[in-house]
Ligand code: GLU
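Residue numbers (this note's numbering): 34 to 506.
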């Protein structure tokens with residue numbers, strides 16, 4: 034079998050969003066699983082929608098997520114350039130070929146004419162499409178228009194009434210009538226190709242074996258198949274990934290901040306959780322297993338197990354996965370990723386910082402939760418009146434004084450000793466449960482919740498613990 038070659042082909046119109054990440058990931062996993070190549074191609078032919086810096090941002094985000102390409106603008110292979118705006122000559126050459134072969138034609142209609150056409154068709158309840166009024170212009174008319182500098186586009190002449198049938202790896206046998214396809218613009222009035230022309234030419238010359246892309250492109254596939262026929266080229270294998278849906282089954286919200294990968298990273302989701310979560314948005318493994326590292330995904334992924342029906346974006350599941358990775362990734366990794374949420378002075382003592390992360394990650398969902406949890410060790414938040422009342426009772430004062438006396442000469446790391454002290458204290462003072470622990474926690478942390486006493490003391494140190502207790506006494 035020839036080597037599989039797939040491509041992720043984003044348009045640089047904004048941030049990478051969850052759907053784009055899923056497409057990139059599935060292409061990557063398929064290439065890795067089959068020992069093929071994964072290519073990154075920047076589709077920047079829509080100059081109006083291009084956002085400055087977006088291409089670099091996409092590249093950076095994908096790299097951060099661990100999705101690396103065998104060929105890309107930064108790592109050119111034999112089939113470059115990998116940025117469409119650098120391949121314009123190629124598109125013009127093949128547009129001219131289509132014109133000469135009668136598969137394409139010049140269209141000089143202005144946007145006002147097209148708008149009027151659309152409105153009339155709508156008013157009559159007709160299918161809205163170009164009515165081909167420029168299809169039969171004479172050579173002389175075309176030449177005159179061109180000489181007069183009238184703006185034009187080049188359109189594909191679709192067959193009139195033809196069923197396009199194709200096999201899709203996910204959807205199985207698909208049939209669509211060419212009647213539903215407009216005479217697609219191939220070259221726009223600014224001289225740039227549209228996505229349809231550029232992508233087909235590039236997929237052919239880049240030797241793409243499988244086109245793995247979102248379901249929104251399914252309806253364009255007849256046009257693409259027709260272009261392959263016009264050129265006499267072999268089409269790739271088609272793979273259309275299911276839609277990603279909100280829990281109410283509407284299409285995943287397009288509001289940038291809700292769907293961009295960057296916004297999830299900024300909220301403190303871990304890339305391991307995001308990748309794992311996105312992998313399962315449309316692909317299901319043979320068993321019920323849900324937790325996968327990127328390497329494990331490369332090993333297990335197959336197109337046969339990609340679902341046809343829409344995949345629901347379930348934030349509760351993403352949170353669950355994030356909690357899992359927060360607890361199980363190496364402590365140093367979590368500490369490093371969390372650092373930007375802490376005050377610089379709070380992480381200077383790295384050993385103490387790591388102890389805090391170890392305690393906090395057991396109780397957090399997102400990276401900033403770690404910093405929020407850690408506040409009790411750093412902040413001197415005002416203590417509520419209720420808590421003041423608790424520490425001020427006679428029993429509380431007894432516990433505090435006794436405890437301070439017991440710990441003042443021990444090692445902060447001696448968890449066993451601290452547990453032994455608490456047991457003895459409960460017995461000797463005859464004060465147990467909340468009445469024993471609450472005043473200690475309030476004195477040490479400013480509030481009655483938090484980790485166990487050995488952890489607290491190990492983080493604060495003996496001296497600081499005694500100082501805080503003394504403060505209340
Ligand atoms: N540039 C297209 C997009 O951003 C790529 C579609 C495809 O993969 O064919 O969606």
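Glycine residues also receive a C-beta, built at the ideal position from the N, C-alpha and C atoms.
Closest residue to residue i among the options (Cα-Cα distance)
i           : options               : result
residue 344 : 503, 217 and 312      : 312
residue 499 : 480, 443 and 452      : 443
residue 298 : 375, 401 and 244      : 401
residue 142 : 136, 134, 151 and 135 : 151
residue 506 : 120, 135, 438 and 388 : 438
residue 447 : 424, 486 and 416      : 486
residue 464 : 433, 137 and 441      : 433
residue 240 : 268, 314 and 226      : 268
residue 319 : 333, 326 and 327      : 333
residue 183 : 190, 175 and 189      : 175
residue 342 : 78, 449, 316 and 122  : 316
residue 133 : 391, 263 and 324      : 263
residue 388 : 376, 407 and 106      : 407
Heavy atom of the ligand GLU within 7 Å of residue i beta-carbon
i           : result
residue 294 : no
residue 55  : no
residue 87  : no
residue 246 : yes
residue 76  : yes
residue 255 : no
residue 250 : yes
residue 118 : no
residue 44  : yes
residue 404 : no
residue 185 : no
residue 228 : yes
residue 64  : no
residue 515 : A query on residue 515 cannot be resolved here, the shown segment of the chain reaching from 34 to 506 and no further.
residue 232 : yes
Cα-Cα separation, residue i to residue j
i           : j           : result
residue 339 : residue 308 : 16 Å
residue 194 : residue 215 : 12 Å
residue 224 : residue 185 : 9 Å
residue 355 : residue 305 : 8 Å
residue 470 : residue 373 : 33 Å
residue 118 : residue 201 : 30 Å
residue 370 : residue 335 : 32 Å
residue 418 : residue 291 : 40 Å
residue 149 : residue 165 : 14 Å
residue 303 : residue 358 : 7 Å
residue 431 : residue 457 : 14 Å
residue 259 : residue 197 : 8 Å
residue 113 : residue 349 : 42 Å
residue 238 : residue 300 : 40 Å
residue 206 : residue 38  : 23 Å
residue 272 : residue 204 : 8 Å
residue 62  : residue 449 : 48 Å
residue 293 : residue 496 : 47 Å
residue 249 : residue 411 : 51 Å
residue 466 : residue 275 : 54 Å
residue 451 : residue 41  : 57 Å
residue 199 : residue 230 : 19 Å
Cβ neighbour criterion (16 or more within 10 Å) applied to residue i
i           : result
residue 366 : exposed
residue 426 : exposed
residue 283 : exposed
residue 472 : buried
residue 44  : buried
residue 421 : exposed
residue 286 : exposed
residue 217 : buried
residue 102 : buried
residue 489 : buried
residue 321 : exposed
residue 382 : exposed
residue 256 : buried
residue 19  : Since the first residue of the chain shown is 34 and the last is 506, residue 19 is not available in this structure.
residue 289 : Here the model assigns residue 289 a pLDDT of 46, short of 50, so the residue's position is not dependable and the matter cannot be decided.
Test: residue i CB closer than 8 Å to a CB of chain C
i           : result
residue 481 : The displayed structure is made up of one protein chain only, and chain C is not part of it.
**Item:** Continuous beta strand (DSSP E) assignments of at least 3 residues falling wholly in the segment 348-429
**Value:** none
**Item:** Segments of 4+ residues assigned as alpha helix (DSSP H) that fall wholly inside the segment 151-176
**Value:** none
**Request:** At 4 residues or longer, and completely inside the segment 236-310: list those alpha helix (DSSP H) runs for me, N to C.
**Result:** 254-264, 289-292 and 294-299
**Complete alpha helix (DSSP H) runs within the segment 427-462 (minimum length 4 residues, chain order)** = 427-440 and 448-462
**Asked** Which runs of the beta strand (DSSP E), 3 residues or longer, sit entirely within the segment 84-137?
**Response** none
**Asked** Which runs of the alpha helix (DSSP H) spanning at least 4 residues fall entirely within the segment 49-82, listed in chain order?
**Response** 51-67
**Request:** Just list the alpha helix (DSSP H) runs in the segment 464-502, keeping only unbroken ones of 4 residues or longer that don't cross its boundaries, in chain order.
**Result:** 467-478 and 486-493
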